[in-house]
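Participant:
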DNA sequence: AACAATAACGATAATTATTATCAAATTTAT
DNA sequence: ATAAATTTGATAATAATTATCGTTATTGTT
């Protein structure tokens, strides 16, 4: 049975309170400001547990370490190949009816004899960000 | 100036000759059968150089180590969250005119004030494969 | 063909990112 | 308050990848 912990609560609050997609280490520094002896191992453990449970989302861009997103409402992402930062694409999945329809169509058009079941569809754009 | 090398050539041939998306280590074992003292560091170096130059593609799924694809023609992927294997979605970008149109629309609908330029659009489905 | 310049290699060390271990502390149910 | 179970912090270990460096291979030039 899962038990409450101040550390996991603080991690969730921190992650949900920011619009960027921090790495484990970035979260670690932020959380040390709240709970001074918060351990890096605990950050990793909680990130792993929470993303396995689908409470948060792990983002793998291929440009730098893993990043995490507190918003699990389906939405696209954009990775800057220069700095590795990941940004939200708020337009996807919700703003446009067309996009919503489009995403649904993607799942339907998935053609691979190897697929048994689909649980998620992710879209990642790559390019350069305005901050680089 | 880039020079030819038997090792890089063999890597490209191997990667292009298979439909799976091998990890660096998997390629290393295959390549040792062709060039017995092929070094793992060389595998990594060539994979890095070739993907930086856009000759091959690095696939980051978040389930296991990085994988590589010798086919750079735009196409979607499917990751099995159980075994980490990555499969091609051949339907995307080419088979359906609708899908092609859809993907183009995705680029156009990309709404983030942080985007300076977009170089690539990737779609990754997650789920379980029939082999698991 | 020999030569010089330079890029790539193999072997291995180092680094980075992440996971595992375990005794102590915290949480939860009784 | 006590006991059982989970989580933690500190740290060790592992996995994946990158860097180093002396040697080898490739390429352009005599």
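Chains as they are written, first to last, in the numbering used here: chain A, 41 to 172; chain B, 41 to 172.
Glycine is no exception: its CB is placed at the ideal position from the N, C-alpha and C atoms.
Because the structure is a prediction, the values reported are computed rather than measured.
Whose C-alpha, out of 57/B, 102/B, 159/B and 127/B, is nearest the C-alpha of residue 122/A?
Facilitator: Taking the first residue of the first chain as position 1, residue 122/A is located at position 82. Of 57/B, 102/B, 159/B and 127/B, the residue nearest in Cα terms is 159/B.
Participant: Please compile the residues from chain B whose C-beta is within a distance smaller than 9 Å of the C-beta of residue 127/A.
Facilitator: Within the first chain, the letter at position 87 stands for residue 127/A. By Cβ distance, chain B contributes 152, 153, 154 and 155.
Participant: Using 8 Å for Cβ pairs, my map puts residue 164/A next to residue 101/A. What's the rounded Cβ distance?
Facilitator: In the first chain, the residue the question calls residue 164/A occupies position 124. In the first chain, the residue the question calls residue 101/A occupies position 61. So it is a contact: roughly 7 Å between Cβ atoms.
Participant: Let me know if residue 127/A comes out buried or exposed under the rule of 16 or more other beta-carbons within 10 Å of its beta-carbon.
Facilitator: In the first chain, the residue the question calls residue 127/A occupies position 87. By the 10 Å Cβ count, residue 127/A comes out buried.
Participant: Kindly say whether residue 90/A, judged by its beta-carbon, lies nearer than 9 Å to any beta-carbon of chain B.
Facilitator: Position 50 of the first chain, counted from the start, is the residue given in the question as residue 90/A. No, no contact with chain B.
Participant: Provide the residue span of the alpha helix (DSSP H) that contains residue 70/A, from first to last.
Facilitator: The count along the first chain starts at 1 and reaches residue 70/A at position 30. Run containing residue 70/A: 64-72, per the alpha helix (DSSP H) assignment.
Participant: Look at residue 151/B and residue 129/A and say whether their C-beta atoms are less than 9 Å apart.
Facilitator: On the second chain, residue 151/B is found 111 positions in, with the first residue counted as 1. On the first chain, residue 129/A is found 89 positions in, with the first residue counted as 1. Yes; because the gap between Cβ atoms is below 9 Å, this pair is in contact.
Participant: Can you find at least 3 beta carbon pairs, one from the segment 108-116 of chain B and one from the segment 49-69 of chain B, that sit closer than 8 Å?
Facilitator: Judged by Cβ distances under 8 Å, the segment 108-116 of chain B makes contact with the segment 49-69 of chain B, as three or more pairs qualify.
Participant: If you follow the beta strand (DSSP E) that residue 167/B is part of, which residue opens it and which one closes it?
Facilitator: The count along the second chain starts at 1 and reaches residue 167/B at position 127. First-last of the beta strand (DSSP E) with residue 167/B: 155-169.
Participant: Would residue 105/A and residue 65/A be called neighbours here (beta carbons separated by less than 9 Å)?
Facilitator: To locate residue 105/A, count along the first chain from 1; it is residue 65. To locate residue 65/A, count along the first chain from 1; it is residue 25. Against a cut-off of 9 Å, the Cβ pair of residue 65/A and residue 105/A comes out as a contact.
Participant: Counting only beta-carbon separations shorter than 9 Å, does residue 110/B have a partner in chain A?
Facilitator: In the second chain, counting from the first residue as 1, residue 110/B sits at position 70. For residue 110/B, the answer is no, since every Cβ of chain A falls outside 9 Å of its Cβ.
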